[in-house]
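Below: one structure, written as structure tokens.
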Amino acid sequence: MTPEGEFRDPLPPPRGMLDRVLARLGGVALLLTLAVGGLLLVAVAIFFIGLLLPVAVGAGLVAFVSLWWRMRRAQRDGTAPPFRFVVMRR
19 MTPEGEFRDP LPPPRGMLDR VLARLGGVAL LLTLAVGGLL LVAVAIFFIG LLLPVAVGAG
79 LVAFVSLWWR MRRAQRDGTA PPFRFVVMRR
């Protein structure tokens, strides 16, 4: 206790070579764990994108076939508007 009535902080325990090595090893292990966790998160995201990509391609194919069939039927019936390309220049 100091003369002002405050308590002193306890002295830190002496650190040896083993403590420093273990602290450094723990820091490296934590950094490696975070890196592997990030890679795992990226791998899971790529996996789900890989699962959703065929679904999106299939939906696009269904939409294309539906529009193609409607245009074909409309041309056969003679009700199809003429197909024109529009180019907008600015």
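Numbering (the numbering used here), first residue to last: 19 to 108.
Note that beta-carbon positions come from the ideal geometry of N, C-alpha and C, so glycine has one too.
- In the DSSP assignment, P28 falls outside any alpha helix (DSSP H), carrying neither H nor E.
- C-alpha of G55 to C-alpha of L36: approximately 28 Å in a straight line.
- DSSP places M35 in the uninterrupted alpha helix (DSSP H) bounded by 35–95.
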